[in-house]
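Asks: Below you will find the structure I want to go over with you.
In the numbering used here, the protein residues as written are 154 to 333.
Written as structure tokens, this is what we have:
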């Protein structure tokens, strides 16, 4: 992802354009499934994922200026770099947006979420979210137990969940990650 301060809703591809593999995202702990958003209520694959991973709570988020009061403030909060103590699980049912995650070298990776994309961000990974220029996304939010969405804004290098995440990357890549 480039370092431009242009509109956060733009793709921000580096020059030259660099596409990363799902295997690389998996090395960072990011999980991905492509599902059928038209059939989410009866999707056996979604049910299997939820059962295997313990996602027993679900709600919906329609994010657009017409449906969310204090829309600009919410977007600003979502786009502030942060971590969570738990996984962040999102399933795009309509619209589109971007999750940005930090790689092992502290560079941003932009993940474009479109209908059918289910993503799991590991606890402790620095990330942020923004809509794209469509200004609309409908997400299913999944949780283990009661929903908790508490962001811990960067820096959080001493937070136990961040330390655990950094340790997991050390084992995968053979080097620790540091805040720059």
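The C-beta atom is built at its ideal place from N, Cα and C for all residues, glycine as well.
Give me the Cα-Cα distance between residue 186 and residue 275, rounded to the nearest whole angstrom.
Replies: Spanning the two alpha carbons is a distance of roughly 15 Å.
Asks: In chain order, what residues of the same chain lie with their CB nearer than 7 Å to the CB of residue 174, ignoring the 5 residues before and after it?
Replies: Within the same chain, residue 174 has no close Cβ partners at all.
Asks: What's the C-alpha gap between residue 318 and residue 225?
Replies: Cα-Cα distance, rounded: 31 Å.
Asks: Return the chain-ordered ranges of every beta strand (DSSP E) run that is complete within the segment 178-252 and spans a minimum of 3 residues.
Replies: Segments of the beta strand (DSSP E) lying fully in the segment 178-252: 184-187, 210-216 and 241-248.
Asks: For the beta strand (DSSP E) containing residue 283, list its first residue and its last residue.
Replies: Start and end: 280-284.
Asks: Quick one: grab the DSSP three-state call for residue 267.
Replies: Residue state, collapsed to three classes: coil.
Asks: Alpha carbon to alpha carbon, what distance is there between residue 198 and residue 232?
Replies: Taking the straight line joining both Cα atoms gives about 30 Å.
Asks: Around the Cβ of residue 255, are there at least 16 other Cβ atoms within 10 angstroms (buried) or fewer (exposed)?
Replies: Answer is buried; the Cβ neighbour count reaches 16.
Asks: Could you tell me if residue 240 is buried or exposed, where buried requires 16 or more neighbouring beta carbons within 10 angstroms of its beta carbon?
Replies: So residue 240 ends up on the buried side.
Asks: Whose C-alpha, out of 286, 298 and 229, is nearest the C-alpha of residue 267?
Replies: It is 286 whose Cα lies nearest to the Cα of residue 267.
Asks: Alpha carbon to alpha carbon, how far is residue 322 from residue 180? Give it in angstroms, no decimals.
Replies: About 8 Å.
Asks: For residue 318, does the three-state DSSP call read helix, strand or coil?
Replies: DSSP places residue 318 in helix when its eight states are reduced to three.
Asks: For residue 299, collect the residues of the same chain with a Cβ closer than 8 Å to its Cβ; drop the 5 residues on either side in sequence, then sort them by chain order.
Replies: Correct list, in chain order: 210.
Asks: What is the rounded straight-line gap between the Cα of residue 320 and the Cα of residue 250?
Replies: Those two C-alpha atoms are separated by around 29 Å.
Asks: DSSP has residue 306 in a bridge; who is on the other side?
Replies: 235.
Asks: For residue 242 versus residue 279, is the C-beta spacing smaller than 8 Å?
Replies: Not closer than 8 Å, so no.
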